[in-house]
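Each step along the sequence shown adds one to the number in the UniProt record's numbering, with nothing skipped, and position 35 is 35.
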Amino acid sequence: MKPRRREGGVIRNDIVNLCHRDYFDEVDDDDVQHLLESHAEPLSNDELIEQDKTSQEAVKEGDEEEEPVRCLDIKTLRECLRDIEKL
Numbered sequence: 001m002k003p004r005r006r007e008g009g010v011i012r013n014d015i016v017n018l019c020h021r022d023y024f025d026e027v028d029d030d031d032v033q034h035l036l037e038s039h040a041e042p043l044s045n046d047e048l049i050e051q052d053k054t055s056q057e058a059v060k061e062g063d064e065e066e067e068p069v070r071c072l073d074i075k076t077l078r079e080c081l082r083d084i085e086k087l
């Protein structure tokens, strides 16, 4: 068990160093440990419902049609510029 604990400490330290490298200076070893422990706990029913709801909303947003891209061909652009020059 001892080597595994040491390995975990090294990994947490690496995570903290990566955070600091990317200017998340407030992150410390305790924060990383707390995050890792929270992922080991089972989710409550409310958390599962919230995850499902968020997932369904993301899928729904992806299903919505995107607005078509409007294009301006060269002929129309020339005509517009010609009309502007006439003013």
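The beta-carbon is built from N, C-alpha and C at its ideal position, and this holds for glycine as well.
8 Å CB neighbourhood of residue i in its chain, flanking five on each side removed
i	result
Leu-43	Gln-51
Asn-13	Asp-29
Short Cβ contact (9 Å threshold) for residue i with residue j
i	j	result
Asp-29	Val-10	no
Contacts around residue i, its chain only, beta-carbon distance under 6 Å, and the 5 residues preceding and following it disregarded
i	result
Glu-67	none
Arg-86	Here residue 86 is Lys; the residue named in the question, Arg, does not match the sequence. Nothing meets the Cβ criterion.
Status (buried if at least 16 other CB within 10 Å, exposed otherwise) for residue i
i	result
Pro-3	Here Pro-3 scores only 47 on pLDDT, less than 50, and its place in the model should not be relied on; the value that follows carries that caveat. That one is exposed.
CA-to-CA distance, residue j to residue i, given in whole angstroms
i	j	result
Gln-56	His-39	22 Å
Glu-26	Glu-41	24 Å
Cys-80	Val-59	41 Å
Glu-7	Phe-24	23 Å
Asp-47	Leu-35	At residue 47 the sequence reads Glu, which differs from the Asp that was named. Roughly 16 Å separates the two Cα atoms.
Arg-70	Asp-22	39 Å
Asp-31	Glu-37	10 Å
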